[in-house]
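Numbering (this note's numbering), first residue to last: 1126 to 1504. The beta-carbon is built from N, C-alpha and C at its ideal position, and this holds for glycine as well.
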């Protein structure tokens, strides 16, 4: 490892995260394991650690980043062994999240009274079919899944350690959390179910979000922290809500979750999916210097104006442009975002969404943009 290079990259990331001014704009690694496999010509159904090892080596060797969050995402084998309905593998190998629910609307009262018991006894067996089988079959399924998950995590960690040393690149990933309303929508009632519930059972929806909050806090504090004690939180339901519904159902428990986690020393990497422009004034109340806010869409000038003093801003660079634009157009867009978001610090260059497949971008365009930032992205 080049210790000086590693430390420079890590310090660059840390300063930006704290809304300070680093020596230059940090560049976030943009790729998922599925992109790495596809880029190297491997099937997305291939989760053989030896194959992933070769793919990671090639991608990290060809693309220049200041840090990578993680190379380990949802393992298809784990969900297949549990008979999961929540995450299923498509024909090409990508993991998808169908619109399924584990709680019937008339069961809200028992969920609110004891969410953990209801999750364990009703919701999990409904969403993971192998766990609905009688003993000992359900126990065997759990044992297989735990073993698979642990084995893969250990092997992927070894891959990360290997290439952290080879390429002197920090890995900043840690645990994962969901906002309470997102958790209720995704895991408990589904997108379609929650959309009906906020009209027919508004009090129960609000109570369910409050009921699940302590479980999410406990989960966040018990998960892996990484070298930065960072928790990732992808958010997605808010843009589908009216502002009055956001204020009633989404914001109160999300704000409480952010406050508790940061008060206990954690940092939050929050991905604001879709367009959060309507809610930027709320986000001004988020803890200062503890949050990396990655935006998919929105007005960069407005985001910088309202949030630039409190959170580190990332995202907003269109993946679509990397796919269809010329190198010049791609570099000009990077320059535009730098001029808006970099002044005063607290900016990390990132794309507006994860790159899942090779066909999502023209790799040469991304290489040109990252090299431009390395040369010109000074404060």
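- The DSSP-derived three-state label of residue 1249 is helix.
- Pairing residue 1307 with residue 1314 gives a Cβ-Cβ distance that is not under 8 angstroms.
- Residue 1348 is not a Cβ neighbour of residue 1298, given a cutoff of 8 angstroms.
- Of the other Cβ atoms in all chains shown, fewer than 16 fall within 10 Å of the Cβ of residue 1199; this residue is therefore exposed.
- Under a 10 Å Cβ-count criterion, residue 1226 is classified as buried, with 16 or more other Cβ atoms of the shown protein chains found around its own Cβ.
- Rounded to the nearest whole angstrom, the CA to CA distance from residue 1411 to residue 1380 is 7 angstroms.
- With 16 or more other CB atoms across the displayed protein chains lying within 10 angstroms of its CB, residue 1330 is buried.
- Residue 1232 and residue 1318 have their C-alpha atoms roughly 13 angstroms apart.
- Between residue 1436 and residue 1476, the gap from beta carbon to beta carbon reaches 8 angstroms or more.
- Across the structure, residue 1296 and residue 1326 are spaced so that their CA atoms are roughly 43 angstroms apart.
- Distance between residue 1438 and residue 1208, taken at the CA atoms: about 38 angstroms.
- Note on geometry: alpha-carbon atoms of residue 1241 and residue 1316 lie some 21 angstroms from one another.
- Sequence-distant partners of residue 1376 (beyond 5 residues in either direction) whose C-beta falls short of 7 angstroms from its own C-beta, in its chain, are 1407.
- Distance from the CA of residue 1387 to the CA of residue 1378, rounded to the nearest whole angstrom, comes to 14 angstroms.
- Under the three-pair Cβ rule at 8 angstroms, the segment 1272-1292 does not count as touching the segment 1249-1262.
- Within the model, the alpha-carbon separation for residue 1182 versus residue 1486 is close to 20 angstroms.
- In chain order, 1270, 1273, 1274 place their CB closer than 7 angstroms to the CB of residue 1203, counting only its own chain and leaving out the 5 sequence neighbours on each side.
- Separation of the CB atoms of residue 1166 and residue 1192 is rounded to 26 angstroms, and the pair is thereby denied contact status at 8 angstroms.
- Taking 8 angstroms as the cut-off, the beta carbon of residue 1177 is found no closer than this to the beta carbon of residue 1156.
- Judged by their CB atoms, residue 1138 and residue 1151 are nearer to each other than the 8 angstroms cut-off.
- Restricted to the segment 1394-1457, the beta strand (DSSP E) segments that are unbroken, complete and at least 3 residues in length are 1416-1422, 1437-1440, listed in chain order.
- Closest in C-alpha terms to residue 1474, from the list 1400, 1452, 1497, comes 1497.
- In this structure, the alpha-carbon of residue 1333 lies about 19 angstroms from that of residue 1251.
- Secondary structure at residue 1479: coil, using DSSP grouped into helix, strand and coil.
- The shortest C-alpha to C-alpha distance from residue 1175 to any of 1294, 1287, 1340, 1401 is the one to 1287.
- Less than 8 angstroms separates the beta-carbon of residue 1441 from that of residue 1423.
- In the structure shown, residue 1209 falls within a strand segment according to DSSP collapsed to helix, strand and coil.
- In summary, residue 1230 is exposed, with fewer than 16 beta-carbon neighbours lying within 10 Å of its beta-carbon over all protein chains present.
- Relative to the Cα of residue 1339, the nearest Cα in the group 1393, 1382, 1310 belongs to 1382.
- Residue state for residue 1214 is assigned as strand, using DSSP reduced to three classes.
- The beta carbon of residue 1337 is closer than 7 angstroms to those of 1240, 1305, 1308, 1309 in its chain, skipping five residues each way along the sequence.
- With contacts defined as CB atoms closer than 8 angstroms, residue 1405 and residue 1434 fail to qualify as a contacting pair.
- Look at residue 1374 here: in three-state DSSP terms it is helix.
- Within a 10 Å sphere around the beta-carbon of residue 1206 sit 16 or more other beta-carbons, which makes this residue buried.
- Ranked by Cα distance from residue 1351, the options 1135, 1448, 1130, 1126 are led by 1135.
- In the three-state reduction of the DSSP assignment, residue 1219 falls in the coil class.
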